[in-house]
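Here's the structure we're looking at; comments come further down.
2 protein chains.
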Amino acid sequence: MLPSSLDELIEALRCLPSVGPKSAQRMAYHLLQRDQRGAARLGQALAHALEVLRHCERCNTFSEETICQRCANPRRDASLLCVVEMPADLAMIEQTQSYSGLYYVLMGRLSPLDGVGPRELRLDKLIARAHDGKVQEVILATNFTNEGEATAHTVASLLTARGLKVSRLSRGVPVGGELEHTDTGTIAQALVERRTV
Amino acid sequence: MLPSSLDELIEALRCLPSVGPKSAQRMAYHLLQRDQRGAARLGQALAHALEVLRHCERCNTFSEETICQRCANPRRDASLLCVVEMPADLAMIEQTQSYSGLYYVLMGRLSPLDGVGPRELRLDKLIARAHDGKVQEVILATNFTNEGEATAHTVASLLTARGLKVSRLSRGVPVGGELEHTDTGTIAQALVERRTV
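Heads up: the protein sequence lines correspond to chains A and B, in order.
Numbering (UniProt numbering) for the first sequence: 1 to 197.
Numbering (UniProt numbering) for the second sequence: 1 to 197.
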C-alpha cells in the first residue's frame, strides 16, 4: 500500500539496533517530512563511512588509515597493551588521562549464545599483536559483565600460556557494570590497582 | 579522537527521532561492525526515497506519482474525504475495510508550542481539496489527543464556514472493552455521546 521506495526505507531502517517496525516507520516519516536535509546527510555519512573506514592493523579500532594515529604515536608506551571490547571503552580510558600505553580493540566479546567464539572474535590477531616483541604487559579491560569476564579469562589463558604478563583492571569497577557508563575516577583507580593474573 | 567519517556518521544518526549521542554511537558501531550490508542498504534507501518520493497532489500522502494510486482509483467514493494526521493513521483506517472514500493526510497536527500553526500545516491545501465540487462530507479522523482535537476543531470551523458537512469519529468505549478497565474520561464521553437504540 505504501510506495515501494518508502517501504524499502522503512525496511532498511530496521537494520538499526532495537528499531522495530513502528519505530522504523516513525523514523522514515520524520526524515521525509521534517528533516530531508538530515536524511541526505545521513545517507552520505553512511556511504562515506563505509567507503573510508577500515580497521587499524595494529589496534583493530575504526580508522581511516592503515595504522591509526594513536598506534603511530611514538610517545605512547609500546610496552603496555590494553584490551577493550569496543571503541567507546577505549575512549573512556583515554578520558581518564592516566594511561599512555597502546590498545587492542576486540570489537566485541565472547558470546557463545550469539555464536561469537574465539575464532569469530579473531583472538589470533590479538595474540599476534601482543607478541610484537615490545609488549611487556597486557591489561585486560573488557567489561565486568559475564561475557566480558569470560572474554578476559580466555584471553588471559591464551597469553599467559605464551609467557606474557597479563593483568586485569581491579574491581574498582562495579560488578555487572559497563565501562561506558562508569565515572572516570573509578576507571582511573581500577587502572592503578590492576592485578597480575 | 574518532576518525572524522565516524564522527560525522554518529552526528548524522542524531537526526533520527529520539536518538541521543550514546544511541547514535551504538548504532554507528553496530552498522560498521555487524551490518555493513544493512548500512549500505540504508544509505541507498535514503538517497532513493529522497529522490523519488513526493506528496500526492490530491491527498498529500507520500507517493512516487503526482496523483497516488488511491486518489486515482475511480472505484473510491469521491464524495467522502477523511482527514488524518499521518499515513500510519490512513493505513489503520484502510485496515478496517469499512471505508471506501478518499483521504487527506495533514502530515502533522497543529502544535503551537512547536511552531506548527494553520499556515505551517498548509490547511489552505486541505480547504482547496475539500472544495473540488465532489466532496460532500469531510470526516475528521485526527487523533483524540489535545493536539489532534485542536486540529479537528480548527479544520471543522474552516470547513463549516464554507458550507461543507463535517463529521468527527465518535468517541466512546472501545469495542470489546470492559467498563472496569476503561478510563473515566472515556466513559464520561460515552455517556455524553450516548445513542438511542
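Each residue gets a CB set at the ideal place from its N, CA and C atoms; glycine is no exception.
Note that the structure is a prediction, hence the values are computed from the model and not measured.
Query: What alpha helix (DSSP H) runs, 4 residues minimum, are completely inside the region 159-192 of chain B?; Result: 184-192
Query: Let's see if you can read the secondary structure: which residues bound the beta strand (DSSP E) around B/V138?; Result: E137 to L140
Query: Does the CB of A/L110 have a neighbour CB from chain B at under 9 Å?; Result: no
Query: Need the endpoints of the beta strand (DSSP E) that B/C56 sits in, please.; Result: Looking at the DSSP string, B/C56 is not in any beta strand (DSSP E), and its letter there is neither H nor E.
Query: Rounded to whole angstroms, how far is the Cβ of B/V84 from the Cβ of B/L106, which I believe are closer than 8 Å?; Result: 7 Å
Query: Consult DSSP for B/G38 and reduce its assignment to one of helix, strand or coil.; Result: helix
Query: Determine, for A/P3, whether the minimum Cβ-Cβ distance to residues of chain B falls below 9 Å.; Result: yes
Query: Under a three-way DSSP split, which group does A/S23 fall into?; Result: helix
Query: Any contact between the region 3-17 of chain B and the region 33-45 of chain A? By contact I mean 3 or more CB pairs, one from each, below 8 Å.; Result: yes
Query: Got a sec? Which residues, its chain only, sit under 8 Å from A/L81 by beta carbon, not counting five neighbours each side?; Result: G101, L102, Y103, Y104, R129, A130, V135, E137, V138 and I139
Query: Leaving out five residues on either side along the sequence, give the residues of the same chain with a beta carbon under 6 Å from the beta carbon of B/T184.; Result: none
Query: Pull the bridge partners of B/L50 from the DSSP assignment, please.; Result: Its beta-bridge partners do not exist; DSSP assigns none.
Query: With DSSP run on the structure shown, which of helix, strand or coil describes A/T154?; Result: helix
Query: Beta carbons nearer than 8 Å to chain B: which residues of the region 17-33 of chain A have them?; Result: P17, Q25, R26, M27, A28, Y29, H30, L31, L32 and Q33
Query: Can you pull the chain A residues whose beta carbon is under 7 Å from the beta carbon of B/P118, in chain order?; Result: Neighbours of B/P118 on chain A: none; closest Cβ ~17 Å, over 7 Å.
Query: Using the beta-carbon count (16 or more within 10 Å), is B/G148 buried or exposed?; Result: buried
Query: Quick check on the burial criterion: 16 or more other C-beta atoms within 10 angstroms. Buried or exposed for A/M86?; Result: buried
Query: Roughly how far, in whole angstroms, is the beta-carbon of A/Q151 from the beta-carbon of A/R109, given that I think they are within contact range, below 8 Å?; Result: For the sequence presented, residue 151 of chain A should be read as Thr rather than Gln. So it is a contact: roughly 5 Å between Cβ atoms.
Query: Would you check if the distance between the CB atom of A/L123 and the CB atom of A/V155 is smaller than 9 Å?; Result: yes
Query: At which residue ranges does the region 72-112 of chain B contain complete alpha helix (DSSP H) runs of 4 or more residues, listed in the order of the chain?; Result: 87-95
Query: Which residue marks the beginning of the alpha helix (DSSP H) containing B/I10, and which one marks its end?; Result: S4 to L13
Query: Under 9 Å, Cβ to Cβ, is there at least one residue of chain A near B/D35?; Result: yes
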